[in-house]
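Novice: I'd like to ask you about the structure that follows.
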Amino acid sequence: MIVMRHNSSQLRARLAALSVALLLCLFAGLSPTLAQPGVPVVDLTLGSSTQGRPITAIRVGSGPRKVVLVGATHGYPERNTYALVTQLAEHFRRDPAAVPPGISLYIIPLLNPDGLELQSRFNANGVDLNRNMDTAADDCPQNDWQPIVAGAYGLTAETGGPYSDSEVESRLIRDFLLDADAVVFFHSNAGVVFPACAHQPSADLARIYADGAGYVFIPQWDRYVITGGMSDWAGGLGITALIPELVTGDLPEFEQNLGGVQATLNAVESIVPPAEPRVEGGIEVQPIIWRAWKAWGGQALFGQPLGPAVKTATGWSQRFERARLEYLPAQTTTTAPVQSALLGRELFGPEVDEPEAPAEGARFFPETQHNVRQPFADFWQINGGLPIFGLPLGPEQQTSDDVGAPVVRQVFERAVLERPVAATSIFEVSLVPLGRIEWAQIDARSIQTGIQAR
Ligand SMILES: [Zn+2]
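The working numbering runs 80 ahead of the 1-based position in the sequence shown.
Structure representation (structure tokens):
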């Protein structure tokens with residue numbers, strides 16, 4: 081009996097200790113803010129890879145400057161950068177107060193989960209994500225996106241993708257970074273740190289990273305030309321960007337890179353200029369809206385700004401000839417800090433929606449039960465897809481344009497696509513100028529009411 085009682089009290093003590101340990105684990109996992117009051121840590125899922133694997137991040141801190149660390153763009157052969165960035169995430173989760181109060185630090189350990197799983201440098205479509213960006217905005221014409229890319233030992237490969245920003249992973253990081261101040265893309269294993277092409281704040285910050293990590297700073301990658309690279313894309317939009325190449329191909333080199341990251345975080349507020357407004361066609365464009373406009377197709381897709389940005393209840397709004405772009409600061413933890421307004425729905429949305437059956441040779445959207453035929457389907461996909469144009473709201477319709485020529489139009493949530501009746505090429509597709517149409521309607525209303533609505 082005594083032995084039994086002794087055993088059961090031992091068991092109870094063990095169970096009690098176990099539940100305390102479990103509670104501690106739960107608190108450590110779910111609510112690290114308890115350890116560091118005032119410095120929040122948030123787990124995020126930014127989206128999915130080509131094969132549907134989640135791409136996750138943590139945010140540490142809530143300061144106004146957005147700094148992002150990105151691991152394993154090059155998948156399996158550079159998996160030591162995944163290990164490194166995972167360890168960095170664990171470090172800052174344990175010690176969030178190490179992030180300066182002016183900064184929100186976002187840590188994405190694995191941008192290319194399919195590459196890691198498939199034991200490949202590329203994504204699941206065989207595309208090199210660090211050769212797939214539209215780098216035309218920077219001052220380095222030699223690095224502009226190409227389908228055939230250069231590599232080590234003079235080798236070339238057709239891994240740039242079918243067109244720039246073709247991959248979901250490229251679009252995910254592009255859109256998440258639109259409101260970022262600085263980004264560090266980890267690669268291996270050349271043992272150097274280098275900045276975005278021809279962008280002085282990037283060079284200044286890369287030097288600070290290199291000094292902090294004990295790595296070698298080089299002003300430019302000089303072994304071959306990197307076309308369509310992520311850091312050059314970022315620098316072209318004024319986002320300070322650098323690449324540490326780890327020295328080894330297998331070790332995380334955690335202590336060195338923690339030194340580099342900490343030095344970088346401490347320097348961001350003094351080195352990295354805030355995003356600047358840009359002037360397009362004589363009109364000042366809001367800084368973050370300008371980046372989205374530029375990154376998503378600029379003048380060619382959206383046309384020129386029609387007027388200055390307007391402050392709204394949720395952020396900033398600016399009208400262009402063929403779209404209205406909204407910057408929503410509350411969306412900074414998502415890939416949609418900038419959104420194209422639902423002008424297609426607002427101005428041309430059908431009153432009665434007749435669902436269609438899937439048609440031969442068309443892309444069918446089950447969400448709204450509508451078909452998108454060629455060449456609209458390719459235009460929609462290549463120029464940005466769902467976030468830019470939204471879902472189809474009706475079938476193609478034959479109508480006439482503003483000079484009376486017969487055209488085919490299709491209404492989407494955020495745009496109306498138009499083409500000549502006989503068109504077969506995406507180069508004959510254009511966007512109906514919804515920004516102008518909305519502008520004219522506002523003008524007409526303000527004339528009626530006598531109120532200046534602008
Ligand atoms: Zn790499």
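By construction, the Cβ of each residue, glycine as well, lies at the ideal position given by its N, Cα and C atoms.
Should Asn212 be listed as close to ligand 1, given that the test is whether its C-beta is under 7 angstroms from any heavy atom?
Specialist: False, no ligand heavy atom lies under 7 angstroms from that Cβ.
Novice: Where does Ile187 land, buried or exposed, given buried means 16+ other C-beta within 10 angstroms?
Specialist: Buried, because 16 or more other Cβ atoms sit within 10 Å of the Cβ of Ile187.
Novice: How is the beta strand (DSSP E) around Ile323 delimited, first residue to last?
Specialist: Here the beta strand (DSSP E) through Ile323 covers Thr320 to Leu326.
Novice: Report yes if the CB atom of Ala495 is closer than 8 angstroms to the CB atom of Gly424, and no otherwise.
Specialist: Yes. Within cutoff.
Novice: Can you determine whether any heavy atom of ligand 1 sits closer than 7 angstroms to the C-beta of Thr412, and answer yes or no?
Specialist: Thr412 Cβ: outside cutoff for every heavy atom of ligand 1.
Novice: Buried or exposed: where does Glu158 fall if 16 or more other Cβ atoms within 10 Å of its Cβ makes it buried?
Specialist: Glu158 is buried by the Cβ-count criterion.
Novice: Suppose contacts are defined by Cβ-Cβ distances below 8 angstroms. Is Ser268 in contact with Thr161 by that definition?
Specialist: It is a contact, given that the beta carbons lie within the stated cut-off.
Novice: Would you mind sorting Tyr233 into buried or exposed? The rule is 16 or more other CB atoms within 10 Å of its CB.
Specialist: When all chains shown are included, Tyr233 counts as exposed.
Novice: Rounded C-beta distance between Phe274 and Ile228? I'm assuming under 8 angstroms.
Specialist: Contact doesn't hold; Cβ gap of about 23 angstroms is too wide.
Novice: Using a threshold of 7 angstroms, is the CB atom of Thr504 nearer than that to any non-hydrogen atom of ligand 1?
Specialist: No, the Cβ of Thr504 stays beyond 7 angstroms of every heavy atom of ligand 1.
Novice: Please classify Phe107 as buried or exposed, where buried requires at least 16 neighbouring CB atoms within 10 angstroms.
Specialist: Here Phe107 scores only 43 on pLDDT, less than 50, and its place in the model is too uncertain to base an answer on.
Novice: Ordered along the chain, which non-local residues of its own chain (more than five positions away) have a Cβ less than 8 angstroms from that of Gly143?
Specialist: The residues are Val179, Pro180, Pro181, Gly182, Ile183 and Ser184.
Novice: Return the chain-ordered ranges of every beta strand (DSSP E) run that is complete within the region 491-523 and spans a minimum of 3 residues.
Specialist: Whole beta strand (DSSP E) segments, 3+ residues: 496-500.
Novice: What are the boundary residues of the beta strand (DSSP E) that Thr166 is part of?
Specialist: Note, Thr166: premise wrong, no beta strand (DSSP E); alpha helix (DSSP H) at Arg159 to Arg174.
Novice: Mapping DSSP to helix, strand and coil, what is Ser282?
Specialist: Here Ser282 sits in helix by DSSP.
Novice: Taking Leu74 as the reference, which of Arg402, Val150 and Arg133 has the closest Cα?
Specialist: Here the chain comprises residues numbered 81 to 534, so residue 74 is not present and cannot be evaluated.
Novice: To the nearest angstrom, how far is it from the Cα of Pro409 to the Cα of Ala260?
Specialist: Rounded to whole angstroms, Pro409 to Ala260 spans 11 angstroms at the Cα level.
Novice: Would you say Glu158 touches ligand 1, meaning its beta carbon is less than 7 angstroms from a heavy atom?
Specialist: Yes.
Novice: Among the residues of its own chain, which have a CB less than 6 angstroms from the CB of Gln478, if the five just before and after it don't count?
Specialist: Correct list, in chain order: Val488.
Novice: For Pro281, which residues in the same chain have their Cβ closer than 7 angstroms to its Cβ, ignoring the five residues on either side in sequence?
Specialist: So the list reads Thr320, Ile351, Val352 and Pro353, once near-sequence residues are dropped.
Novice: Is Thr153 near ligand 1 - that is, is its Cβ less than 7 angstroms away from at least one heavy atom of it?
Specialist: Answer for Thr153: yes, Cβ within range of ligand 1.
Novice: List, from N- to C-terminal side, the beta strand (DSSP E) runs of 3 residues or more that fit wholly inside the region 196-281.
Specialist: Here the runs fully enclosed are 262-265 and 272-275.
Novice: Can you give me the start and stop residues for the alpha helix (DSSP H) that Val348 sits inside?
Specialist: It spans Phe334 to Ile351 - the alpha helix (DSSP H) in which Val348 sits, taken as one unbroken run.
Novice: The alpha helix (DSSP H) with Ile462 in it runs from where to where?
Specialist: Phe456 to Ile462 is the span of the alpha helix (DSSP H), which, as asked, contains Ile462.
Novice: Please list the segments of the beta strand (DSSP E) lying wholly inside the region 379-445, counting only runs of 3 or more residues, in order along the chain.
Specialist: With a minimum length of 3 residues, the continuous beta strand (DSSP E) runs that stay inside the region 379-445 are 396-400, 403-407, 418-420 and 443-445.
Novice: Which class does Arg358 belong to by DSSP, given the choice of helix, strand or coil?
Specialist: Strand.
Novice: Measure the C-alpha to C-alpha separation of Trp396 and Pro120 and round it to an integer number of angstroms.
Specialist: Roughly 26 angstroms separates the two Cα atoms.
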